[in-house]
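Number of protein chains: 2
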Amino acid sequence: MTMHVPSLGLSQIDLPRPYLLFLGDSIEPAYAKTAFGLRDWAPEFCVGEFALPEATVTAGLPQLTPAEAYARGARALVIGVANTGGVIQPNWIAALTEAIEAGLDIISGMHASLATVAPLKAAADAHGRRLIDIRVPPRGIPVATGRKRSGRRLLTVGTDCALGKKYTALSLARALRARGVAADFRASGQTGIMIAGGGIPMDAVVADFESGAAELLSPDAAPDHWDVIEGQGSLFHPSYSAVALGLLHGSQPDVIVVCHQPGRDHILGLEAFATPSLEEAIALNLQLGRRTNPAIRCGGISLNTAHLDEAESRRVLEATSRSLGLPAADPIRGGPMLDALVDSCLSG
Amino acid sequence: MTMHVPSLGLSQIDLPRPYLLFLGDSIEPAYAKTAFGLRDWAPEFCVGEFALPEATVTAGLPQLTPAEAYARGARALVIGVANTGGVIQPNWIAALTEAIEAGLDIISGMHASLATVAPLKAAADAHGRRLIDIRVPPRGIPVATGRKRSGRRLLTVGTDCALGKKYTALSLARALRARGVAADFRASGQTGIMIAGGGIPMDAVVADFESGAAELLSPDAAPDHWDVIEGQGSLFHPSYSAVALGLLHGSQPDVIVVCHQPGRDHILGLEAFATPSLEEAIALNLQLGRRTNPAIRCGGISLNTAHLDEAESRRVLEATSRSLGLPAADPIRGGPMLDALVDSCLSG
Numbered sequence: 005m006t007m008h009v010p011s012l013g014l015s016q017i018d019l020p021r022p023y024l025l026f027l028g029d030s031i032e033p034a035y036a037k038t039a040f041g042l043r044d045w046a047p048e049f050c051v052g053e054f055a056l057p058e059a060t061v062t063a064g065l066p067q068l069t070p071a072e073a074y075a076r077g078a079r080a081l082v083i084g085v086a087n088t089g090g091v092i093q094p095n096w097i098a099a100l101t102e103a104i105e106a107g108l109d110i111i112s113g114m115h116a117s118l119a120t121v122a123p124l125k126a127a128a129d130a131h132g133r134r135l136i137d138i139r140v141p142p143r144g145i146p147v148a149t150g151r152k153r154s155g156r157r158l159l160t161v162g163t164d165c166a167l168g169k170k171y172t173a174l175s176l177a178r179a180l181r182a183r184g185v186a187a188d189f190r191a192s193g194q195t196g197i198m199i200a201g202g203g204i205p206m207d208a209v210v211a212d213f214e215s216g217a218a219e220l221l222s223p224d225a226a227p228d229h230w231d232v233i234e235g236q237g238s239l240f241h242p243s244y245s246a247v248a249l250g251l252l253h254g255s256q257p258d259v260i261v262v263c264h265q266p267g268r269d270h271i272l273g274l275e276a277f278a279t280p281s282l283e284e285a286i287a288l289n290l291q292l293g294r295r296t297n298p299a300i301r302c303g304g305i306s307l308n309t310a311h312l313d314e315a316e317s318r319r320v321l322e323a324t325s326r327s328l329g330l331p332a333a334d335p336i337r338g339g340p341m342l343d344a345l346v347d348s349c350l351s352g
Numbered sequence: 005m006t007m008h009v010p011s012l013g014l015s016q017i018d019l020p021r022p023y024l025l026f027l028g029d030s031i032e033p034a035y036a037k038t039a040f041g042l043r044d045w046a047p048e049f050c051v052g053e054f055a056l057p058e059a060t061v062t063a064g065l066p067q068l069t070p071a072e073a074y075a076r077g078a079r080a081l082v083i084g085v086a087n088t089g090g091v092i093q094p095n096w097i098a099a100l101t102e103a104i105e106a107g108l109d110i111i112s113g114m115h116a117s118l119a120t121v122a123p124l125k126a127a128a129d130a131h132g133r134r135l136i137d138i139r140v141p142p143r144g145i146p147v148a149t150g151r152k153r154s155g156r157r158l159l160t161v162g163t164d165c166a167l168g169k170k171y172t173a174l175s176l177a178r179a180l181r182a183r184g185v186a187a188d189f190r191a192s193g194q195t196g197i198m199i200a201g202g203g204i205p206m207d208a209v210v211a212d213f214e215s216g217a218a219e220l221l222s223p224d225a226a227p228d229h230w231d232v233i234e235g236q237g238s239l240f241h242p243s244y245s246a247v248a249l250g251l252l253h254g255s256q257p258d259v260i261v262v263c264h265q266p267g268r269d270h271i272l273g274l275e276a277f278a279t280p281s282l283e284e285a286i287a288l289n290l291q292l293g294r295r296t297n298p299a300i301r302c303g304g305i306s307l308n309t310a311h312l313d314e315a316e317s318r319r320v321l322e323a324t325s326r327s328l329g330l331p332a333a334d335p336i337r338g339g340p341m342l343d344a345l346v347d348s349c350l351s352g
């Protein structure tokens with residue numbers, strides 16, 4: 005293979021729509037990020053959800069069999085749950101096969117290629133359906149150069165995985181556009197790619213090219229244009245820190261927004277590891293980010309307060325803002341606190 | 005694909021030997037690490053070297069054509085030079101084809117698979133020769149868990165790439181064994197793998213599994229056993245920091261040895277980026293390494309002083325040791341300074 009011009013080919017994927025969201029046997033809402041993300045950010049493409057009997061997680065959509073979903077227009081089943089390692093569970097195969105037999109293509113953002121699961125491959129071949137892997141990076145990603153790119157960049161970072169980096173980036177991109185600022189959401193994970201229709205699955209890139217992929221993800225742009233880049237992993241995560249650092253160095257962000265979920269005291273699934281304080285997370289991201297952008301600053305804090313009531317959410321946000329001297333908002337709740345966070349991000 | 009038991013399959017590679025070392029058209033000695041590493045650490049397997057006329061780099065071995073090398077027993081040509089991105093240069097193909105026609109297999113540690121280069125594939129097929137890619141990670145690497153493993157670990161880290169992390173690890177492993185300490189060199193790059201006969205090419209691992217690969221590379225061992233792990237990249241390298249952090253977190257080193265080349269003021273190939281001071285490199289590696297091993301400490305400094313005379317080398321080593329309060333040695337020069345560095349590594 006010789007080096008060729010990189011192509012962000014994912015933006016040309018022609019995904020069959022609308023979707024039936026598959027929730028597997030999930031009992032942990034944090035692992036159903038894909039289903040929730042599509043419901044919240046691409047609701048016009050979600051006709052319903054489908055789960056195994058043992059699942060307790062729901063996206064709150066109509067519960068449909070694959071045949072019912074097909075009758076309502078669905079053309080693909082999206083695997084809406086992730087798990088550690090990103091593999092197709094053996095106990096999902098019958099349900100996925102049922103979907104294929106009902107006329108649906110299968111879309112997956114997992115690491116494991118659908119076509120390597122023999123019964124799915126056989127069913128897809130027999131019924132003329134497609135198995136579509138979103139988590140395939142573009143070919144020909146170059147090694148990063150560290151060259152400073154034009155335009156402005158915001159990166160969402162986190163104290164852990166699965167606590168709001170994608171929602172925060174989507175919300176901030178929307179808020180910027182609402183103010184008339186030229187802004188693009190840059191998807192770095194499978195759900196974001198399904199929502200945005202393009203991007204790079206940063207966790208699937210070969211490590212040597214991780215920062216290079218991040219450089220591709222937010223190319224040169226007009227001086228007043230903002231790329232709002234979806235963060236991945238966490239510098240503090242013993243499993244995914246490599247992804248987080250490569251994305252930070254390659255993104256060259258002018259502004260970071262640090263995401264956290266109040267009460268998340270330990271890394272999800274790794275109870276031996278405490279989450280860092282917000283002060284630690286801000287400091288380390290700025291310290292390392294300065295390597296490729298000496299002007300990096302923290303625009304503020306995004307807290308996922310979905311589990312708190314309105315009054316408690318406001319109390320936590322105000323306390324966080326006061327103690328750090330930075331705006332803090334829950335982007336999903338919006339309001340004046342989100343306005344203040346956007347002001348801060350734009351103020352540099 | 006379902007998860008399967010990881011296999012360090014590289015240790016079972018049966019490499020055809022001895023080697024003819026191919027130097028391409030290289031004019032930059034720093035990119036000829038593989039050739040120099042094999043010459044220095046596996047000399048019994050190197051019959052000679054072969055280069056294009058425009059090359060200025062030499063490993064100091066007999067200069068042989070492929071046919072001459074075959075006549076002297078060589079059974080494989082090893083691509084002994086790397087370049088940014090790890091690709092087969094078009095102007096190498098005629099020389100590699102000549103080697104195949106002379107009866108040699110081709111061994112490559114580059115990212116690009118040899119079999120994707122059509123003329124090489126055709127020549128290998130026509131002559132019944134093998135194209136062997138070393139830089140292929142084992143299948144089924146799991147996500148890292150952060151679980152503390154038994155045994156002791158030393159990781160070499162650097163202010164930059166290509167300044168002595170592999171040599172330092174090889175030297176320290178040899179020095180430990182010379183003292184009767186149970187120690188294994190753990191290869192994390194293609195040259196180390198060719199020397200050691202096993203290991204994991206950390207820069208070729210998909211980023212989500214980078215720390216998991218590092219955990220596999222130095223498995224549980226006897227309490228007094230040392231794994232001496234070859235470092236990769238640098239936390240300060242805008243292109244390769246992801247590899248460095250994943251390896252640091254997954255290795256859980258008890259001891260780091262920080263490698264530097266005096267006079268290397270800028271990142272190789274990226275003149276806009278200064279190398280960090282040794283103080284900065286020690287501090288950041290300890291700061292980040294504490295995440296998975298709170299007891300991590302710096303055993304000392306390894307300086308690559310190949311470009312200095314004996315007196316100047318000693319002066320620089322003594323000044324470095326004095327200013328940092330840590331042993332400093334050039335492992336290639338050995339001597340009492342290396343003894344002191346080994347003492348310090350073992351003293352914790």
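Protein chains in written order, with our numbering: chain Z, 5 to 352; chain R, 5 to 352.
Yeah, the Cβ is synthetic: ideal placement off N, Cα and C, and Gly gets one too.
Computed from a predicted structure; not experimentally measured.
Assign residue i to one of two classes, buried (16 or more other C-beta atoms within 10 Å of its C-beta) or exposed (fewer than that).
| i | result |
| --- | --- |
| His311 (chain Z) | exposed |
| Arg139 (chain Z) | buried |
| Glu234 (chain Z) | buried |
| Arg190 (chain Z) | buried |
| Gly216 (chain R) | buried |
| Gly132 (chain R) | exposed |
| His8 (chain R) | Model confidence at His8 (chain R) stands at a pLDDT of 28, short of 50, so the residue's coordinates are unreliable; what they give is reported in the following sentence. It is exposed - the Cβ of His8 (chain R) has fewer than 16 other Cβ atoms within 10 Å. |
| Thr6 (chain R) | The pLDDT assigned to Thr6 (chain R) is 25, lower than 50, so where the model puts this residue is not dependable; a value taken from the coordinates is nonetheless given after this. With fewer than 16 Cβ atoms within 10 Å of its Cβ, Thr6 (chain R) is classed as exposed. |
| Gly339 (chain Z) | exposed |
| Lys152 (chain R) | exposed |
| Ala179 (chain Z) | buried |
| Ala200 (chain R) | buried |
| Asn308 (chain Z) | buried |
| Asn95 (chain Z) | exposed |
If you compare alpha carbons, which of the options is closest to residue i?
| i | options | result |
| --- | --- | --- |
| Val147 (chain R) | R:Pro266, R:Leu124 and R:Val210 | R:Val210 |
| Leu220 (chain Z) | Z:Ile145, Z:Thr309 and Z:Leu288 | Z:Ile145 |
| Ala315 (chain R) | R:Gly201, R:Arg337, R:Val91 and R:Ser175 | R:Arg337 |
| Arg294 (chain Z) | Z:Arg318, Z:Arg268, Z:Leu249 and Z:Ala200 | Z:Leu249 |
| Gly28 (chain Z) | Z:Leu307, Z:Glu48 and Z:Thr62 | Z:Thr62 |
| Gly90 (chain R) | R:Asp44, R:Ile110, R:Ala116 and R:Ala73 | R:Ala116 |
| Ala173 (chain R) | R:Val85, R:Asp164, R:Gln236 and R:Leu124 | R:Gln236 |
| Pro20 (chain R) | R:Leu124, R:Leu135 and R:Gly267 | R:Leu135 |
| Ser351 (chain R) | R:Leu272, R:Leu158 and R:Leu81 | R:Leu158 |
| Leu239 (chain R) | R:Ser325, R:Leu342, R:Gly162 and R:Trp45 | R:Gly162 |
| Asp224 (chain R) | R:Leu290, R:Ala166 and R:Gly150 | R:Gly150 |
| Pro257 (chain R) | R:Ala103, R:Thr279, R:His229 and R:Thr69 | R:His229 |
| Asp231 (chain R) | R:Thr60, R:Ser154, R:Ala126 and R:Leu124 | R:Ser154 |
Under 7 Å from any heavy atom of the ligand MG, does the C-beta of residue i make it?
| i | result |
| --- | --- |
| Ala248 (chain R) | The ligand MG is not part of the structure shown, which contains no ligands of any sort. |
Mind checking if residue i is an interface residue toward chain Z, Cβ cutoff 8 Å exclusive?
| i | result |
| --- | --- |
| Ser243 (chain R) | yes |
| Ala276 (chain R) | yes |
| Phe26 (chain R) | no |
| Cys349 (chain R) | no |
Against chain R, with Cβ distances strictly below 8 Å, would residue i count as a contact?
| i | result |
| --- | --- |
| Ala148 (chain Z) | yes |
| Leu167 (chain Z) | no |
| Pro20 (chain Z) | no |
| Phe189 (chain Z) | no |
Runs of 3 residues minimum, wholly inside the region 149 to 201 of chain R: which ones carry the beta strand (DSSP E) assignment? 156 to 162 and 187 to 190
Return the residues of the region 283 to 301 of chain Z that lie within a Cβ-Cβ distance of less than 9 Å from chain R, sorted by chain order. Leu288, Gln291, Leu292, Arg295 and Thr296
Please list, in chain order, the residues of the region 203 to 230 of chain R that have any C-beta partner in chain Z closer than 8 Å. The residues in question are Met206, Asp207, Ala208, Val209, Val210, Ala211, Asp212, Glu214, Ser215 and Gly216.
Within the region 257 to 294 of chain R, ranges of the beta strand (DSSP E) (whole runs, at least 3 residues): 259 to 264 and 274 to 278
In chain order, what residues of the region 245 to 263 of chain R put their CB closer than 7 Å to some CB of chain Z? Per Cβ criterion, the list reads Ser245, Ala246, Val247, Leu249, Gly250 and His253.
Using a Cβ cut-off of 7 Å, which residues of the region 33 to 58 of chain Z contact any Cβ in chain R, in chain order? none
Closer than 9 Å between beta carbons: that is the criterion. Which residues of the region 92 to 118 of chain Z meet it against chain R? Ile92, Gln93, Pro94, His115, Ala116 and Ser117
Sequence ranges, alpha helix (DSSP H) only - wholly within the region 66 to 100 of chain R, length at least 4: You should have 70 to 75.
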